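Undergrad:
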Amino acid sequence: MTDDRILSPEPAPGETYDRALRPQTLSEFVGQEQAKGNLKVFIDAARGRGESLDHVLLFGPPGLGKTTLAQIVARELGVGFRATSGPILAKAGDLAAILTNLEPRDVLFID
Numbered sequence: 039m040t041d042d043r044i045l046s047p048e049p050a051p052g053e054t055y056d057r058a059l060r061p062q063t064l065s066e067f068v069g070q071e072q073a074k075g076n077l078k079v080f081i082d083a084a085r086g087r088g089e090s091l092d093h094v095l096l097f098g099p100p101g102l103g104k105t106t107l108a109q110i111v112a113r114e115l116g117v118g119f120r121a122t123s124g125p126i127l128a129k130a131g132d133l134a135a136i137l138t139n140l141e142p143r144d145v146l147f148i149d
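So this is what it looks like as structure tokens:
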């Protein structure tokens, strides 16, 4: 691995990653202890109420685990996960189409 890739989401030549190696639970996710603690409280509260999780904003440079963390949240809640990209949502109808296909309590991740 080269030093110029420290914050790059792109694999270096010859590097491969197995998606099965990604963390599956909050306890397996490395780093961000305060954020993980807050998310655990939010997840437990939503699960206890039988409601969806309140809106959460994850931000940071590419490749730091925002998508993985959103997938973990969905998995911990036992609900579906749907991801899309912000630039794809050019018209209000684009978002409406995605929202109508969500099940109650599903996690929608807009990258």
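Quick note, my numbering runs 38 ahead of the 1-based positions in the sequence shown. The beta-carbon is built from N, C-alpha and C at its ideal position, and this holds for glycine as well. Quick caveat, the model's predicted, so the values are computed rather than measured.
(1) Between which two residues does the alpha helix (DSSP H) harbouring I81 extend?
(2) Measure the beta-carbon distance from V16 to V111 and round it to whole angstroms, keeping in mind my assumption that it falls under 8 angstroms.
(3) Over the uninterrupted alpha helix (DSSP H) stretch that includes I136, give me the two end residues.
(4) Can you list, in chain order, the residues of its chain with a C-beta nearer than 8 angstroms to that of Q62? Leave out the 5 residues immediately preceding and following it.
(5) Any idea what DSSP makes of T122, helix, strand or coil?
TA: The answer reads as follows:
(1) The residue you call residue 81 lines up with position 43 of the sequence shown. Element bounds for I81: E71 to R87.
(2) In the structure displayed, the chain extends from 39 to 149; residue 16 sits before or after that span and is not available.
(3) Along the sequence shown, one-based indexing puts residue 136 at 98. Start and end: A130 to T138.
(4) Working through the sequence shown from its first residue, we reach residue 62 at position 24. These residues qualify, in order along the chain: I110 and R113.
(5) Start at 1 with the first residue of the sequence shown, and residue 122 comes out as number 84. Strand, per DSSP.
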